[in-house]
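Reviewing the structure listed below.
Numbering (my numbering), first residue to last: 97 to 289.
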């Protein structure tokens, strides 16, 4: 069974490595100036792949947490509903219910706090937006006129800058919340003096 699973994983990873992204093939097939080629291969392609990878990572995290919460809540409810008269079983059920309740609460709070699903969706939208802008840019043309290229670069940089600004705002908000929580925690000790 383990060998079959490992063979499947190897075959899947080989297929993923062999399968070249259509977007990359399109970039390589264009007649570009050296500056344009550098931008498309380094800045655009790297950012597109980064957004796609982050979307996948965050969506997987969100899915795992959601499934964990669902399973833990299901077991907690089931254990709470059981009515067994055996003392050893009651102790096991009580400990299991308590442990799963803690796990469920932690997973729920992590899920709420970090909002992986929403972050994954935002990254997915951004990567798809970049990809669609690229396909529109190269539609029915082998080379890209300079004015269209500059407009495209401006849009891509705007998307990247918007993501950076969202990150800064989120980080600032998180720092402010931590500062407020620290102040709340320190206020009672200051009143005792």
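Every residue gets a Cβ at the ideal spot worked out from N, C-alpha and C, and that includes glycine.
Excluding sequence positions up to five away, which residues of its chain have a Cβ less than 6 Å from the Cβ of residue i?
i	result
residue 127	238, 239
residue 272	none
residue 175	189, 192, 193
residue 212	154, 157, 158
residue 204	165
Which residues in the same chain have their Cβ closer than 7 Å to the Cβ of residue i, if we skip the five residues on either side of it in sequence?
i	result
residue 245	132
residue 255	222, 225, 226
Considering only the beta carbon of each residue, do residue i and residue j sit closer than 8 Å?
i	j	result
residue 144	residue 269	no
residue 50	residue 193	The structure shown has nothing for residue 50, since the chain only spans 97 to 289.
residue 216	residue 151	yes
residue 189	residue 178	yes
residue 119	residue 230	yes
residue 290	residue 169	Examination of residue 290 is not possible in this model, given that the chain is present from 97 through 289 alone.
Contact check, residue i vs residue j under 8 Å by CB: the rounded distance?
i	j	result
residue 206	residue 161	6 Å
residue 141	residue 121	In fact, because the Cβ distance is near 11 Å, the residues do not count as touching under 8 Å.
residue 219	residue 147	5 Å
Between which two residues does the alpha helix (DSSP H) holding residue i run?
i	result
residue 134	130-134
residue 126	Looking at the DSSP string, residue 126 is not in any alpha helix (DSSP H), and its letter there is neither H nor E.
**Study point:** alpha helix (DSSP H) runs wholly inside the segment 160-236, at least 4 long, in chain order
**Key:** As far as the segment 160-236 is concerned, its whole alpha helix (DSSP H) runs of at least 4 residues are 183-210, 212-234.
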